[in-house]
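J.: In the working numbering, the protein residues as written are 752 to 1019. In this text, a Cβ means the ideal position worked out from N, Cα and C, and glycines have one as well. Could you have a look at this structure, given as structure tokens, before my questions?
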């Protein structure tokens, strides 16, 4: 977390410090950043189209807010309804599907809520709720938190009433949230890429997965230059065009960690 926060701090203190002629700023969700995706793909992009991308890694909600405030050129997040609203409100140009993976529910091996791998997310969350099993929420308006909230809403349950008791909010990223779940023997919702990259699993394991409700779509959008005159349109257009091209999609497909593919390209 220190590396991420330090980068964000430097960005806030020196806005648009990365102002080279061939550079741009990407407002991004933490899940892509923490997976090592940008360390892998940005050098390839630089070598092929000579665009240097600098990433600000925050939750999806904060990334959308930063981009709306003209603090960036490109947005890569995972909350499609909010991204489309961002475009509809004039803050962004066309949004493209970029890639996807999925969310998973993880929890302690003891599994006090008695969740089955075949349980759908609503059933899983209902079991957690009715047994008052400890659940760690990111509580940070991120794409993962947004997905979690949507599942509680579909289950017609309000765990926030038990905030500070069995329902606990970190207000932090996925790494911190997983660490707390591991230390407290708790359940949480995670994107699969963060889980694969997480090394402190201890007694945590995947409790429920592979359900259409857990689909996790990432999108890429250019910040609207009509709203933000400082947007580097040429660089942003080259960057996005490369990502959604056959070449860019193949490079995304080839990104693996511990022998596992983290993101599945589906540009449209």
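(1) Using DSSP with H/G/I as helix, E/B as strand and the rest coil, what is residue 825?
(2) If you follow the beta strand (DSSP E) that residue 840 is part of, which residue opens it and which one closes it?
(3) From this set, 827, 815, 841, which residue's C-alpha is nearest residue 891's C-alpha?
(4) Is it the case that the Cβ atoms of residue 974 and residue 818 are separated by a distance below 7 Å?
(5) Which same chain residues end up closer than 6 Å to residue 871 when comparing Cβ atoms and leaving out the 5 residues on each side of it in sequence?
(6) Tell me, to the nearest whole angstrom, how far the beta carbon of residue 888 is from that of residue 919; I am working on the premise that it is less than 8 Å.
(7) Could you spell out where the beta strand (DSSP E) holding residue 886 opens and where it closes?
(8) What is the rounded straight-line gap between the Cα of residue 956 and the Cα of residue 987?
(9) Per DSSP, residue 950 is paired with what?
(10) From 842, 997, 823, pick the residue whose C-alpha is nearest to that of residue 850; which is it?
(11) Quick check: the Cα distance between residue 1009 and residue 947, rounded to an integer number of angstroms?
(12) Quick check: the Cα distance between residue 829 and residue 898, rounded to an integer number of angstroms?
(13) Span of the beta strand (DSSP E) holding residue 1002?
(14) Whose C-alpha, out of 875, 932, 915, 862, is nearest the C-alpha of residue 906?
(15) Does the separation of the CB atoms of residue 834 and residue 846 fall below 7 Å?
(16) State yes or no: is the C-beta of residue 943 within less than 7 Å of the C-beta of residue 824?
(17) By alpha-carbon positions, which one of 1013, 977, 915 ends up nearest to residue 841?
(18) To the nearest angstrom, how far is the alpha carbon of residue 866 from that of residue 912?
(19) Taking the alpha-carbon positions, what's the residue 831 to residue 810 distance?
(20) Looking at residue 949: is its Cβ nearer than 7 Å to the Cβ of residue 929?
(21) Does residue 801 pass the burial test, meaning 16 or more other C-beta atoms within 10 Å, or should it be called exposed?
(22) Might you give, ordered along the chain, the residues of its own chain that have their beta carbon closer than 7 Å to the beta carbon of residue 803, omitting 5 neighbours on each side?
(23) Going by beta-carbon coordinates alone, are residue 857 and residue 958 separated by less than 7 Å?
(24) Between which two residues does the beta strand (DSSP E) carrying residue 959 extend?
T.: Inspection of the coordinates gives the following:
(1) strand
(2) Looking at the DSSP string, residue 840 is not in any beta strand (DSSP E), and its letter there is neither H nor E.
(3) 815
(4) yes
(5) 962
(6) 7 Å
(7) 886–888
(8) 39 Å
(9) Residue 950 pairs with nothing; no bridge assigned.
(10) With distances taken between Cα atoms, residue 850 lies closest to 997.
(11) 8 Å
(12) When rounded, the distance between both Cα atoms is 9 Å.
(13) Segment 997–1004 is the alpha helix (DSSP H) holding residue 1002; no beta strand (DSSP E) there.
(14) 875
(15) yes
(16) no
(17) 977
(18) If you take the alpha carbons of residue 866 and residue 912, they lie about 22 Å apart.
(19) Those two C-alpha atoms are separated by around 14 Å.
(20) Result yes, Cβ atoms of residue 949 and residue 929 sit closer than 7 Å.
(21) exposed
(22) 771, 773, 774, 797
(23) yes
(24) 955–959
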